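> Pasting a structure below so you can have a look.
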Amino acid sequence: MDAKRLAFPDGSFDVVVAQYVITTVPDPEATLDEFARVLRPGGEIVLVSRIGAEAGLRRAFEQWFAPVTRPLGWRLEFPWARYARWAERSHDVRVVERRPMPPFGHFSLVRFAKAGAAAVQSDRYAAHAGG
């Protein structure tokens, strides 16, 4: 299935999990848009993804190593700012967590939440409380 044209109706999932996907697809922002589309209000997008270093020795190494990794689909030039710009632009999605993964932080766990979480949690509480 094409990641930027998923064959699911809007709001089909509580959680969308994509490990090692975003930096390998041809249009990462369109793929993230599609993940948000199929996500229910209050749901989460959970990524494990490559986030390029923005400065320092690791950035220099990544730039040097890029010709080897590009054929593998790893975009080492994919910085955090690109994820942040996407979340700001999408208006109904916000960053919940960004955590570098061991051992070297080359990959990160990133969580986005779709607006509507408070309403969904309130409805669940009311239903559970008999309201």
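Using the numbering used here, the first residue of the sequence shown is number 155, and each one after it goes up by one.
Every residue, glycine too, gets a C-beta built ideally from N, C-alpha and C.
Since this is a predicted model, take the numbers as computed values, not measurements.
If you reduce the DSSP assignment to three classes, tell me which class G165 lands in.
coil
> Let me check understanding here. Comparing Cα to Cα, which of R224, P233, P195 lies closest to A267?
Checking every option, the nearest Cα to that of A267 belongs to P195.
> Using DSSP bridges, identify the partner residues of S262.
S203, P254
> Under the rule that 16 or more other beta-carbon atoms within 10 Å means buried, what is F219, buried or exposed?
exposed
> Can you give the Cα-Cα distance for R252 and L263, rounded to whole angstroms?
6 Å
> Within 10 angstroms of its Cβ, does R224 collect 16 or more other Cβ (buried), or is it exposed?
Only exposed fits R224, as fewer than 16 other CB atoms lie within 10 angstroms of its CB.
> Please report how far the alpha carbon of F261 lies from the alpha carbon of P233, in whole angstroms.
11 Å
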